[in-house]
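A short worksheet on the structure shown next.
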Amino acid sequence: MHNSLLFTIIELESGDHMFFHKEPVLYVVVPCYNEEEVLEETTRQLKAKMEQLIKSKQISGKSKVMYVNDGSKDKTWDIIQEIHKQEKLFTGITLSRNRGHQNALLGGLMTAKKYADVVISMDADLQDDINAIDEMILKYKDGCDIVYGVRSARKKDTFFKRVTAQGFYKFMKVLGVDCVYNHADYRLTSKRVLDEFENYKEVNLFLRGMFPLVGFKSDVVYYERKERFAGESKYPLKKMLNFAWDGITSFSVKPLRFICVLGFIILLFSIGIMIYSLVRYLTGNTVSGWTFLSISIWFIGGLQMISIGIIGEYVGKMYNETKQRPRYIIAENLEEK
Ligand code: UDP
Ligand code: MG
């Protein structure tokens, strides 16, 4: 008997081969931080979706939804345990403390791949349309190892979020980062991709930029992003800026190069100034240069400060990477109870 990812081929006594379509085991990984308000509704919707997929034989009956409790301070973990008790379709892991969305998601993906053929990650607030799952599965069966969920419209996002987010994706492109435009962390990945992904050991995680690095055949699925139906965003402006900054400095060394170019331009500029001041000196007009001088000192000082800061940023990143600390610690896994 030969076992491939999607087919089971059985050799009959007659020597003929029979192909059985093997439904893939799907795990949906959902990171949750203080999501007690949304879990019930999310569970209701995901349950309906999973049952529909299992019934129509698109996925195996062993498929599950895995909630990842990211050190929530509210009742999130109690609720997850309760749901798991009532519905075997739902399982969960809990991290030892809050580690942030990206680390929680990675912890979930790496755990889920032990049980699944294919994993889909999504947010707990169901802002990403769960009906896109069907199409993702179809593309997976078509031979895609990664399927990116892409937001076709952001009508429901606030103006501010829309402008900053889209500006960010464009900026990343300018910096040469291979990011799928308007794709967040709603994505399907095959076990094969996740196995390879395990070798990416960095601690400054920016998952949406890292998955394209793995390669394999990929495709996109479009959906409309909805409003968060309950609770508040767990990504306040500060976290968003941090995340964007991580995305840039973890994926592009262009800011460093930019500093070099800037330094060079300023050097050329100062040669001009030198000639200018010399001429002023020779023509006997030196007193009026004071304003100009003080401005230059401040300007160059600030510029140098920024430059050192950016270099420091990268040194700091290296410092964190060399420590090789674990990116998440799983305190409990309901799957192994
Ligand atoms: N999240 C998490 N840990 C955190 C912050 C957020 O696991 O420290 C989860 C959160 O529960 C949600 C997802 O990450 O499932 C995305 O967060 P949110 O919906 O608040 O972000 P937004 O959609 O506003 O960008
Ligand atoms: Mg959200």
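Add 50 to the 1-based position in the sequence shown for my numbering, that's all there is to it.
All C-beta atoms in this analysis are idealised placements derived from N, C-alpha and C, irrespective of residue type, glycine included.
Exposure of residue i, with buried meaning 16 or more beta-carbon neighbours within 10 Å
i	result
Val311	exposed
Trp295	exposed
Tyr83	buried
Met51	The predicted position of Met51 is uncertain, since its pLDDT is 39 and thus under 50; a value taken from the coordinates is nonetheless stated next. By the neighbour-count rule (16 or more Cβ atoms within 10 Å), Met51 is not buried but exposed.
Lys390	Outside the shown range of the chain, which is 51 to 387, sits residue 390, and nothing can be said about it.
Asn153	buried
Gly217	exposed
Asn53	Unreliable positioning characterises Asn53 in this predicted model, as indicated by a pLDDT of 41, which lies under 50. The coordinate reading is nonetheless provided below. Exposed, because fewer than 16 other Cβ atoms sit within 10 Å of the Cβ of Asn53.
Leu318	exposed
Phe210	exposed
Phe349	exposed
Leu332	exposed
Thr372	exposed
Leu244	buried
Gly351	exposed
Thr128	Sequence check: residue 128 is Asp here, not Thr. Asp128 should be labelled exposed.
Ser202	exposed
Met324	exposed
Gly150	buried
Ala234	buried
Ala182	buried
Residue i CB to nearest heavy atom of the ligand UDP below 7 Å
i	result
Ala174	yes
Ala182	no
Glu274	no
Glu86	no
Cys82	yes
Asn148	yes
Tyr120	Note on residue identity: the sequence assigns Asp, not Tyr, to residue 120. Indeed, a heavy atom of the ligand UDP lies less than 7 Å from the Cβ.
His233	no
Ala154	yes
His134	no
For residue i, three-class secondary structure by DSSP
i	result
Ile196	strand
Tyr364	helix
Gly142	strand
Met116	strand
Leu263	helix
Leu287	helix
Pro376	coil
Thr239	strand
Ser202	strand
Ala174	coil
Leu76	strand
Ala182	helix
Ala280	coil
Glu371	helix
Glu386	helix
Segment limits, beta strand (DSSP E) that includes residue i
i	result
Ala381	380-383
Ile170	168-171
Glu274	268-274
Beta-carbon proximity check, residue i vs residue j, cutoff 8 Å
i	j	result
Leu257	Leu155	yes
Met186	Leu238	yes
Cys229	Gly259	yes
Gly142	Ile130	yes
Phe279	Val80	no
Tyr364	Leu291	no
Tyr236	Asp175	no
Glu85	Thr126	yes
Leu255	Lys304	no
Ser110	Glu137	no
Arg377	Val264	no
Ile380	Gly157	yes
Leu145	Asn119	yes
Leu76	Val168	yes
Arg275	Asp207	yes
C-beta neighbour in chain C for residue i, strict 8 Å
i	result
Leu312	Absent from the structure is chain C; it holds one protein chain and no more.
Residue i beta carbon near the ligand MG (any heavy atom closer than 7 Å)
i	result
Ser283	yes
Gln177	yes
Arg212	no
Arg278	yes
Residue range of the alpha helix (DSSP H) that includes residue i
i	result
Ser106	It is not in any alpha helix (DSSP H) - Ser106 carries neither H nor E in the DSSP assignment.
Asp128	126-136
Leu318	304-332
Tyr219	209-224
Leu159	151-162
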